[in-house]
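Heads up, the thing below is written out as structure tokens.
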Amino acid sequence: MKSRRLAGASLAAVAFSRRGRWSAFVAWALAPVLAVASPDFVRDVRPILEAHCFKCHGPEKQKSGYRLDVKAIALTGGDSGTPNIVPRLSATSPLVTFITGEVEDMKMPPKGEALAPAEIATLKA
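Quick note: the sequence shown uses this note's numbering, first residue 4, plus one each step.
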């Protein structure tokens with residue numbers, strides 16, 4: 004009787020280890036697909052801001068005292084003092100509501116080409 008239990012336990016251990024190895028392999032194989040990396044500021048975000056925002060909120064001109072090229076000012080909101088970018092909550096940050104047109108009076112950029120959906124998605128990420 005004791006040997007049957009041991010044999011059953013051995014079979015369960017083999018099955019589990021195979022299943023465990025298979026699960027580990029599947030997780031390893033899918034990791035690149037499932038990984039959701041945050042955008043890199045220099046590589047992904049800054050070029051969008053340069054193309055659409057720096058004309059009015061960059062090194063040459065700062066409407067409302069707001070600059071997107073200086074982190075401290077970008078996070079505090081310029082003259083208003085209200086943060087337009089909320090770290091780790093970028094999708095709900097005021098800046099995103101401005102660029103998506105959710106606040107009609109504050110639609111950014113007010114003139115010219117609006118941001119593409121992919122650019123908005125990058126800023127929301």
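A virtual CB, placed ideally from N, CA and C, is assigned to each residue, including glycine.
- If you drop the 5 nearest sequence neighbours on each side, which residues of the same chain put their C-beta closer than 7 Å to that of Leu52? Leu71
- Report all residues from its chain with a CB closer than 8 Å to the CB of Asp82; omit the five preceding and five following residues, and keep chain order. Ser67, Gly68, Tyr69
- Could you check the C-alpha separation between Asp108 and Cys59 for me, to the nearest Å? 16 Å
- Message: Taking 8 Å as the cut-off, does the segment 117-128 touch the segment 88-102 (at least 3 CB pairs, one atom from each stretch)?
- Response: yes
- Item | Exposure label - Ser41; buried when at least 16 CB within 10 Å | exposed
- Terminal residues of the alpha helix (DSSP H) in which Thr95 lies: Neither: Thr95 is in no alpha helix (DSSP H) and is coded neither H nor E.
- Task: Thinking Cys56 and Pro97 are a contact (beta carbons under 8 Å), I'd like their distance in whole angstroms, please.
- Result: Not really, about 13 Å apart at Cβ, beyond 8 Å.
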